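**Student:** What follows is a single structure, and I will ask about it in a moment.
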Amino acid sequence: AQSVTQLGSHVSVSEGALVLLRCNYSSSVPPYLFWYVQYPNQGLQLLLKYTSAATLVKGINGFEAEFKKSETSFHLTKPSAHMSDAAEYFCAVIVSNTGKLIFGQGTTLQVKP
Amino acid sequence: GAVVSQHPSWVICKSGTSVKIECRSLDFQATTMFWYRQFPKQSLMLMATSNEGSKATYEQGVEKDKFLINHASLTLSTLTVTSAHPEDSSFYICSAREVGEYVVNSPLHFGNGTRLTVT
Chain A
1 AQSVTQLGSH
11 VSVSEGALVL
21 LRCNYSSSVP
31 PYLFWYVQYP
41 NQGLQLLLKY
51 TSAATLVKGI
61 NGFEAEFKKS
71 ETSFHLTKPS
81 AHMSDAAEYF
91 CAVIVSNTGK
101 LIFGQGTTLQ
111 VKP
Chain B
1001 GAVVSQHPSW
1011 VICKSGTSVK
1021 IECRSLDFQA
1031 TTMFWYRQFP
1041 KQSLMLMATS
1051 NEGSKATYEQ
1061 GVEKDKFLIN
1071 HASLTLSTLT
1081 VTSAHPEDSS
1091 FYICSAREVG
1101 EYVVNSPLHF
1111 GNGTRLTVT
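As given, the protein sequences belong to chains A and B, one line each in that order. Using the working numbering, you'd call the opening residue of the first sequence number 1 and step up by one each time. Using the working numbering, you'd call the opening residue of the second sequence number 1001 and step up by one each time.
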């Protein structure tokens, strides 16, 4: 079964510092991976998606993620954190034979001034 | 862009009553809608898959008689929490996939969620 695991339930960075949120996947077939962001009491907003076209994926708000098959990873990065980036981030994978979107445990990003 | 509207955004009800949550795709048609439940500080757990014109498919452990899902049109799916109890208090989020989108690589469009509190 396909799944994703997010390492670190809570990440704290200073404003202007690099953001790195980790996601590893498990899949016997080429996975389709996504990163979503959730602000308090709101739904989810798509940051970016990997669909095998390119291993380095650029998303909105300056985020990007790199698909590394050798490491089964799809980590999310942003060169310089902004206070407005503080939110919950979810890595997700589509289960290929059902179309269901399955989420990782989530990582809370805290940005300190 | 594709917009999913969820209503109400929050609701408080008494134990034993039923609550209906609506999920509408405003500018696209959705063959499939998904319902998720999210407890505080936790991830989204898929409850069921709703397909227009057919019965919903529930995930293991989700009571179908408790959480009634109806997907009567290509733009509307509803989740009814029947005989609600305090343990049903949670954040419920719907999502939709546009008709014709290639399933395996199409993202879901999410509603803003409904905060249900059962007293």
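Ideal placement from N, C-alpha and C gives every residue a C-beta, glycine not left out. Remember, it's a predicted structure, so these values are computed and weren't measured experimentally.
Once the 5 residues before and after B:S1018 are set aside, which same chain residues still bring their CB inside 8 Å of it?
**Tutor:** To locate residue 1018 of chain B, count along the second sequence from 1; it is residue 18. The residues are T1080, V1081, T1082, S1083, A1084.
**Student:** Can you tell me where the beta strand (DSSP E) holding A:A92 begins and where it ends?
**Tutor:** The residue given as residue 92 of chain A occupies position 92 in the first sequence. Its beta strand (DSSP E) spans residues 87-94.
**Student:** With A:A65 and A:E15 assumed to form a contact (beta carbons below 8 Å), what rounded beta-carbon distance in angstroms separates them?
**Tutor:** Residue 65 of chain A sits at position 65 when you count from the first residue of the first sequence. Residue 15 of chain A sits at position 15 when you count from the first residue of the first sequence. 21 Å between Cβ atoms; not a contact.
**Student:** Which residues of chain B have a Cβ atom closer than 9 Å to the Cβ of A:N41, listed in chain order?
**Tutor:** For the purposes of this step, residue 41 of chain A is taken as residue 41 along the first sequence, with counting starting at 1. Per Cβ cutoff of 9 Å: S1009, W1010, F1091, N1112, G1113, R1115.
**Student:** Within 10 Å of its beta-carbon, does B:Q1038 have 16 or more other beta-carbons around it, so buried, or fewer, so exposed?
**Tutor:** Within the second sequence, the letter at position 38 stands for residue 1038 of chain B. So B:Q1038 ends up on the buried side.
**Student:** In angstroms with no decimal places, state the Cα-to-Cα distance between B:W1035 and A:T5.
**Tutor:** Locating residue 1035 of chain B in the second sequence gives position 35, where the first residue counts as 1. Locating residue 5 of chain A in the first sequence gives position 5, where the first residue counts as 1. Cα to Cα, B:W1035 sits roughly 21 Å from A:T5.
**Student:** By Cβ distance below 6 Å, which residues in the same chain neighbour B:F1091 in space, the five residues on each side in sequence not counted?
**Tutor:** Here residue 1091 of chain B refers to the residue found at position 91 of the second sequence. So the list reads Q1038, G1113, R1115, once near-sequence residues are dropped.
**Student:** Are B:P1107 and A:K58 touching if we call contact CB-CB under 7 Å?
**Tutor:** Here residue 1107 of chain B corresponds to residue number 107 of the second sequence, with the count starting at 1. Here residue 58 of chain A corresponds to residue number 58 of the first sequence, with the count starting at 1. It is not a contact, given that the beta carbons lie outside the stated cut-off.
**Student:** Measuring alpha carbon to alpha carbon, tell me which of A:P113, A:V95, A:G104 ends up nearest A:S27.
**Tutor:** Position 27 of the first sequence holds residue 27 of chain A. Nearest option by C-alpha distance: A:V95.
**Student:** In whole angstroms, what is the alpha-carbon distance linking A:S9 and A:G43?
**Tutor:** On the first sequence, position 9 is the one that residue 9 of chain A refers to. On the first sequence, position 43 is the one that residue 43 of chain A refers to. For A:S9 and A:G43, the distance between alpha carbons rounds to 19 Å.
**Student:** Does DSSP classify A:S84 as helix, strand or coil?
**Tutor:** If you number the first sequence from 1, residue 84 of chain A lands on position 84. If DSSP states are grouped into helix, strand and coil, A:S84 belongs with the helices.
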